[in-house]
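Residues 300 to 499, numbered by my numbering, are exactly what the sequence shown covers, in order. The structure under discussion appears below in the form of structure tokens.
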Amino acid sequence: MAYLYLIRHPLTRPDPEAPASAWHLTNEGHAQVRALTADSLWRAVTVIYTSREVKTTVVGEAIRAAHGIPHHPIAELGEARRDAWLGADQFQAAQRDFFAHPDRPAAPDWETAQAAQGRFVAALDALLNRHPPGEALAVVSHATVLTLYVAHLRGEPPSYDTWQQLGFMDVMAVDRATRQPDTPFLAPPYPGLPRGEPQP
300 MAYLYLIRHP
310 LTRPDPEAPA
320 SAWHLTNEGH
330 AQVRALTADS
340 LWRAVTVIYT
350 SREVKTTVVG
360 EAIRAAHGIP
370 HHPIAELGEA
380 RRDAWLGADQ
390 FQAAQRDFFA
400 HPDRPAAPDW
410 ETAQAAQGRF
420 VAALDALLNR
430 HPPGEALAVV
440 SHATVLTLYV
450 AHLRGEPPSY
460 DTWQQLGFMD
470 VMAVDRATRQ
480 PDTPFLAPPY
490 PGLPRGEPQP
């Protein structure tokens, strides 16, 4: 059985002076990358896709360097657009509104949930259709768009509570044959995560 591994990026350091897309990893985030790189799931993965944000490309490049797996950054796998800085309380309120009202911006210049979901689903469909169903793929992206994508797979509305529970560097296995989640998002060291078999 082949899997699509959905991976949230590692822990970052918020910086009010920079857009969220330019935030860098904390020391703990770098440790999370090293631990993921050492995991046996990479024995079966043939390619890793990431967004173009630093917090995901650093993972793709680490996997490429350690395992020789091709890494391709894709702009459409980026987080829901919301680079304007909001304080913690404002941000949480806006995120609640984002999921509750997917057809309208939750704050000035925010991408709507509907638009972000459509963009991400179309990008993943194109990538999955490009690869034979027996290939295991990995995608490193962001909590909001991953929440939207999994809701799409399950045929249910996206949830603020689901988004809030998604931890840094959590991994979900999606069955490529059915395009349904085989696991929930799992925290390191990923107990119960199916690793698949090495490619011949």
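We treat Cβ as the ideally placed atom computed from N, Cα and C, and that holds for glycine. If you're wondering where the values come from, they're calculated on a predicted model, not measured in any experiment.
The DSSP-derived three-state label of R351 is coil. Taking the Cα of R478 as reference, the smallest distance to any Cα among Q331, M468, L426 is reached at L426.
Along the region 352 to 394, the beta strand (DSSP E) occurs as fully enclosed runs of 3 or more residues at 370 to 372, listed in sequence order. The continuous beta strand (DSSP E) containing Y304 extends over residues 302 to 307. Taking all protein chains shown into account, P431 has fewer than 16 neighbouring C-beta atoms within 10 Å of its C-beta and is therefore exposed.
Across the structure, R418 and D388 are spaced so that their CA atoms are roughly 27 Å apart. Looking from the CA of L376, the closest CA among W384, T356, Q331, W462 belongs to T356. Collapsing the DSSP output to three states places A442 in a helix.
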